[in-house]
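Note sheet for the following structure.
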Amino acid sequence: DYKGKVVLLNFWATWCGPCKVEIPEFVEAYSHYRDRGFVILGVLSQDDPAPQELREFTSAYNMNYPVFKQNEELEDAFGSLWALPTSFIIDRDGSICTKHMGPVSREMLEREIKGLL
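Encoded structure:
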């Protein structure tokens, strides 16, 4: 569905402190670059809040990008995660360019995606 886009695939959890630090950075980056073919997909991992709790969390953090729960297909494709947050930067052809374990700053994200956009 996202072929032709530069994708940040971010595995996160509502209980994850470093995830909460990077989310505002992602919100800003997504607002700035989405019109240029950049997509952020937030994958809720190792967490199972009630639907209302998840809506409240995404609203409180102004998450303006799609968020969904991890499923078996994603787990098979990306393997077990040792740390949260874990992010993958995927180019327009669907190739994984970078994997980050730990929070990603907006500056780091911009450095990596500018050449791909």
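At position 71 of the sequence shown (counting the first as 1) the number is 94 in this note's numbering, and the numbers step up by one without a gap.
We put the beta carbon where it would ideally sit given N, CA and C, even for glycine.
Query	Result
Residue ranges of each alpha helix (DSSP H) within the segment 61-130, 4 or longer	74-83, 95-101
Presumed contact (8 angstroms Cβ cut-off) between ARG115 and VAL29, rounded CB distance	6 angstroms
Per-residue burial, ILE140 [other beta carbons within 10 Å of its own, 16 or more giving buried]	This sequence places Leu at residue 140; Ile is not what is there. LEU140 comes out exposed.
Nearest-angstrom Cα separation, counted from PHE111 out to PRO72	23 angstroms
Span of the beta strand (DSSP E) around LEU140	Counting along the chain, LEU140 falls outside any beta strand (DSSP E), and DSSP gives it neither H nor E.
C-alpha gap between GLU135 and PRO47, whole angstroms	18 angstroms
From GLY60, LEU107, LYS43, VAL62, residue whose alpha carbon lies closest to that of PHE34	LEU107
Any 3 or more C-beta pairs closer than 8 angstroms across the segment 48-67 and the segment 87-99	yes
Cβ neighbour criterion (16 or more within 10 Å) applied to ALA52	buried
Unbroken beta strand (DSSP E) run spanning TRP35, endpoints	29-35
Distance CB(MET86)-CB(THR109) smaller than 7 angstroms	no
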